[in-house]
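Encoded as structure tokens, the structure appears first; notes follow it.
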Amino acid sequence: MDDTLRGSEVDNMALDLYEHNAHAYMAACEMMDKYGKAAIVHPTGTGKSYIAFKLIEDHPHEVIIWLSPSEYIFKTQRESLLRQDQDFPLQNVRFYTYAKLMCSAPEQLNQIAEQNPTYIILDEFHRIGAEFWGESTQKLLALCPHAKLLGLTATNVRYLDNNRDMAEELFDGHVASEMTLGEAIVRGILPAPKYVTTVFKYQQDLARYQSRVDNLRSPGIQDVNQKYLDALKRALEQADGLDRVFAHHITNKSGKYIVFCSGREHMDEMISHVPEWFAAIDTKPTVYKALSDDPATDKAFAAFKADNSKHLKLLFCIDMLNEGVHVAGISGVILFRPTISPIIYKQQIGRALTAGDSATPLILDVVNNFEGLSSISGLQNEMTAAVQRLYANGEGDKIVTDRFEVVEQVHNCRVLFEQLQTSLSSTWDHYFSEASIYYAEHGNLDIPRRYKTPMGLSLGAWLQIQRQVRSGKRAGSLTQQQIERLDSIGMRWDNYSDLAWTKGYEEAVQYYAKHGNLMVPVEWKTKDEFPLGNWISNKRTEKAAGRLDAEKMSQLERIGMVWDAFSERWEQGFAAAAKYYADHGNLVVPVSYTTEDGLRLGVWIRNQKKTYANGTLRPEKAERLESIGILWEQSNFDFKWNEAYEAAKLYFEENGSLNVPIGYTTPDGIALGKWVARQQYAYKSPNNSNCKLTSARVTLLEKIGMQWEKPDPWQHKYDLAWDYLQMHGNLQIPAKYKTADGIWLGRWLYDQKVMLRKQSPRLSAEQTNKLRKLLDEDTAGKAC
2 MDDTLRGSEV DNMALDLYEH NAHAYMAACE MMDKYGKAAI VHPTGTGKSY
52 IAFKLIEDHP HEVIIWLSPS EYIFKTQRES LLRQDQDFPL QNVRFYTYAK
102 LMCSAPEQLN QIAEQNPTYI ILDEFHRIGA EFWGESTQKL LALCPHAKLL
152 GLTATNVRYL DNNRDMAEEL FDGHVASEMT LGEAIVRGIL PAPKYVTTVF
202 KYQQDLARYQ SRVDNLRSPG IQDVNQKYLD ALKRALEQAD GLDRVFAHHI
252 TNKSGKYIVF CSGREHMDEM ISHVPEWFAA IDTKPTVYKA LSDDPATDKA
302 FAAFKADNSK HLKLLFCIDM LNEGVHVAGI SGVILFRPTI SPIIYKQQIG
352 RALTAGDSAT PLILDVVNNF EGLSSISGLQ NEMTAAVQRL YANGEGDKIV
402 TDRFEVVEQV HNCRVLFEQL QTSLSSTWDH YFSEASIYYA EHGNLDIPRR
452 YKTPMGLSLG AWLQIQRQVR SGKRAGSLTQ QQIERLDSIG MRWDNYSDLA
502 WTKGYEEAVQ YYAKHGNLMV PVEWKTKDEF PLGNWISNKR TEKAAGRLDA
552 EKMSQLERIG MVWDAFSERW EQGFAAAAKY YADHGNLVVP VSYTTEDGLR
602 LGVWIRNQKK TYANGTLRPE KAERLESIGI LWEQSNFDFK WNEAYEAAKL
652 YFEENGSLNV PIGYTTPDGI ALGKWVARQQ YAYKSPNNSN CKLTSARVTL
702 LEKIGMQWEK PDPWQHKYDL AWDYLQMHGN LQIPAKYKTA DGIWLGRWLY
752 DQKVMLRKQS PRLSAEQTNK LRKLLDEDTA GKAC
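For the sequence shown, our numbering assigns the number 2 to the initial residue and increments by one for each residue that follows.
Printed below as a string of structure tokens:
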């Protein structure tokens, strides 16, 4: 979102908004004054966040809560602002993520509300449609009834969630300003892009279709389909490969391009082709990677933004820069991630569009997103509608352009592919024959989607198509006769993926009921060997790639699914560390230490220190850990002290005191008796530089019964003998009797009697009198 504020027109360091944002801000202020809430729906790249910053600037002494989907979005927005005005008043802004609210207990939400915010900013407010995010946000809003709401988003409609309109749900339809992507381009607010489509997707599919044709058993059908396939091959041979497409259209050879991928494996595969695809542009392009669950992403993203070298710069990312994050000087985007979501599609191309940029950004659509050119035509329709409206309102002078350049490579190839698919679908009887053979051999048709017959026929995929056609999820037709024929060989009309979903969801419900969360280790398997950890991981990947439908997302969120597992695990680790600090007064945690609920806190603390040491721990996380006493460079002495303290605490819990015999050693080999004596000596000798005891440690030791004045050992044993007499009525102590703290009481009493009889000078007069009283009491007890 860089350069969305006109720095040259700053007056007394005040934000000087672009005209479209200034009008939106004034309308929003009027609407908030009248209704208490206002939404602004402007496309990605138009500088919406500066409207919120203007609200903050105009109310520097008011508490304002800013809610956002991620720290990344707010961080980059703040950095962009502070580059232009280092003194901007952000001190009264309280930032939280929607996920953080979701994980907050009711008392934590109350604490947030007790700050009495005057305004609450809901950034990317369409995201609140997610059940748990929405629930926690609504709870906070209910706790702040007097706070005015300002909402920002590029789209208020959740297309994959029954077209829910979040502006209606959250703002009662009070939209202060609304603008489509098409209108922003028409008015010149955003630059008109150059849009290029390729045949890469069809080239990738070619081998798969050849395999299908080769495995057709009917010679006549095979010949017909081979003709269609040969025509497609000829068309593809005439089309340029990606290396030539990139070389022709990427004219800025030192430019910055964001490359969207669908997953980690997909990203790695695409990066492996960089030398092949981009060699004609730059033989040594600089490659960066951004992943939502990788702590090194911050560093890579910052390096990409700062890179001003003469080399081509490529940032490969997965579900990271879809919304809210802009980078200055982006030359274009390359779309390798297929999606059916208009929101994700527009967010991806929006990374190349920034208000105030006069350059023509390049959009290279490698996978023909959103059903080929329908997305492009949809954008062109928005532009046409905007032109007509502006002329009708007498605002024709605002029209800068009414079109953008589209370079289409795919039309003929797409037509040939459709013909080939239609022809292949005529082989229904052939597939049915193969399905009958499978049923005869296995007794069912519960076939995995990727299953192929020994001859290579994709029978699993074909059966899935039949299910989708009958359910209306896929275009096509099934006659009643065909349905009955499939029923006769045991067809189950539930989609195989639906069956797998049902199994995985049931196991997830059971795991949640037992553990209270869905933070399932990847290697976790159920008793019947179902790979639940891998299944949960796959759902997160599918969601990130836009392949998980809204209903399934909602079901998982109802049982505690957290999509950003990396951030959630960090928060769990921090919560456990905070509790440990509260209990122990430090974070000197043994590496082997595990919490009661199984969290390996010692390992977690060690990993934070490693991340801090290599410079990849986010500053805000480092600050939070420092607030609860983490020592980045911890001495071995601190560790050993904490280990001994834990042993002392256990001894106190078992024995009720810290009267540890000087020679006592724990089963783990800790010389606890000597350690307790050293602590007592250190307390008495505060000026001894070799043996200091901090006030925090003094408090911890006193919690577990530490007596700084060491008790008289003779008096202690005498008290034990007296207690024995009172309990048993005599002093006939068995030879093997041993007290809880390891004293052979019978032996001690025998030695005292001998010294008393010999009038030993080792016994003081007071001790002599006490012994005679003890023995007289014993004699009196026997007489009774």
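For each residue, glycine too, the CB sits at the ideal point set by N, CA and C.
Which residues share a DSSP beta bridge with PHE305?
According to DSSP, PHE305 bridges with nothing at all.
How do the region 42 to 54 and the region 271 to 281 stand: do at least 3 beta-carbon pairs fall below 8 Å, yes or no?
no
If you run the structure through DSSP and keep just helix, strand and coil, what is CYS414?
In the three-state scheme derived from DSSP, where H, G and I count as helix and E and B as strand, CYS414 is classed as helix.
Quick check on ARG451: buried or exposed, where buried means 16 or more other Cβ atoms within 10 Å of its Cβ?
exposed
Residues that THR198 bridges to, as DSSP identifies them
ASP366
Which residues DSSP lists as bridging SER105, in chain order:
Bridge partners of SER105: none, in fact.
Within the same chain, show all residues whose beta-carbon is closer than 8 Å to that of MET271, passing over the 5 residues directly before and after it, in chain order.
VAL260, CYS262, PHE317, PHE337
If GLY586 and THR700 are in contact, beta carbons under 8 Å, what's the gap, nearest whole angstrom?
With a contact defined as Cβ atoms closer than 8 Å, GLY586 and THR700 qualify at about 7 Å.
Which residue wins for smallest C-alpha separation from LEU702, given the options TYR229, ILE41, ALA678?
ALA678
Residues near LEU799 in its chain [Cβ-Cβ closer than 8 Å; skip 5 each side]
The displayed coordinates of the chain run from 2 to 785. Any statement about residue 799 would go beyond what the structure contains.
Simplified DSSP state of GLY333, which is helix, strand or coil
Strand, per DSSP.
CB-CB under 6 Å to TYR36, same chain, minus the five flanking residues each way: which ones, in chain order?
Closer than 6 Å at the Cβ level, and outside the excluded window around TYR36, lie HIS175.
Comparing C-alpha positions only, which one of PHE96, ALA15, TYR26 sits nearest to GLU621?
PHE96
contact_flag[the region 235 to 252, the region 482 to 493] where n(CB pairs < 8 Å) is 3 or more
no
Which first and last residues belong to the alpha helix (DSSP H) in which GLY152 is found?
Looking at the DSSP string, GLY152 is not in any alpha helix (DSSP H); the run it does join, the beta strand (DSSP E), is 149 to 154.
Per DSSP, ARG159 is paired with what?
ARG165
Rounded Cβ spacing between ALA301 and LYS290 (contact assumed at less than 8 Å)
6 Å
Where does CYS262 fall in DSSP's three states?
Reduced to three states, the DSSP call for CYS262 is coil.
Local conformation of ASN637 per DSSP, three classes:
Caution is warranted here: a pLDDT of 47 is assigned to ASN637, below 50, making its placement in the model unreliable, and the coordinate value is therefore given only provisionally. ASN637 falls in the helix class under three-state DSSP.
What does a CB cutoff of less than 6 Å around ILE121 pick up in its chain, not counting 5 residues either side in sequence?
ILE66, ALA148, LEU150
Reduced DSSP secondary structure (H/G/I, E/B, other) of TYR19
Here TYR19 sits in coil by DSSP.
For the alpha helix (DSSP H) that contains GLU621, what are its first and last residues?
620 to 628
Excluding the 5 residues preceding and the 5 following SER375 in the sequence, name in chain order all residues of the same chain whose CB lies nearer than 6 Å to its CB.
Confidence at SER375 is low in this model, with a pLDDT of 42, below 50, so its placement is unreliable and no value can be given for it.
Buried or exposed, going by whether 16 or more other CB atoms sit within 10 Å of the CB of LEU70?
A small fix is needed here, since residue 70 is Pro in this sequence, not Leu. Buried.
Identify every run of the alpha helix (DSSP H) within the region 579 to 620, keeping only runs that are complete inside it and at least 4 residues long; order them along the chain.
602 to 614
Nearest by alpha-carbon distance to MET167: which of VAL42, LYS195, ARG79, GLN78 is it?
VAL42
Test item: CB-CB of ILE335 and TYR258 under 7 Å:
yes
By Cβ distance below 6 Å, which residues in the same chain neighbour ASN13 in space, the five residues on each side in sequence not counted?
With a pLDDT of 41 at ASN13, under the threshold of 50, the predicted position of this residue should be treated as unreliable, though the coordinate-derived value follows. Closer than 6 Å at Cβ, skipping near neighbours: no residue.
Using beta-carbon positions only, say whether GLY747 and ILE734 come within less than 7 Å of one another.
Yes, they are a contact pair.
Do PRO286 and LEU243 have their beta-carbon atoms positioned less than 7 Å apart in this structure?
no
PRO786 and PRO44: beta carbons closer than 7 Å?
Because the chain spans 2 through 785 in this model, residue 786 falls outside it and cannot be assessed.
Tell me whether PRO90 is buried or exposed, calling it buried when 16 or more other Cβ atoms sit within 10 Å of its Cβ.
With fewer than 16 Cβ atoms within 10 Å of its Cβ, PRO90 is classed as exposed.
Does the count of Cβ pairs from the region 127 to 138 and the region 23 to 31 closer than 8 Å reach three?
no
Please state whether the Cβ-Cβ distance between CYS145 and PRO107 is less than 7 Å.
No. Outside cutoff.
How many Å lie between PHE531 and SER538 at the Cα?
PHE531 and SER538: Cα-Cα distance of roughly 13 Å.
When we look at the beta-carbon of VAL367 and count the other beta-carbons within 10 Å, is it buried (16 or more) or exposed?
buried
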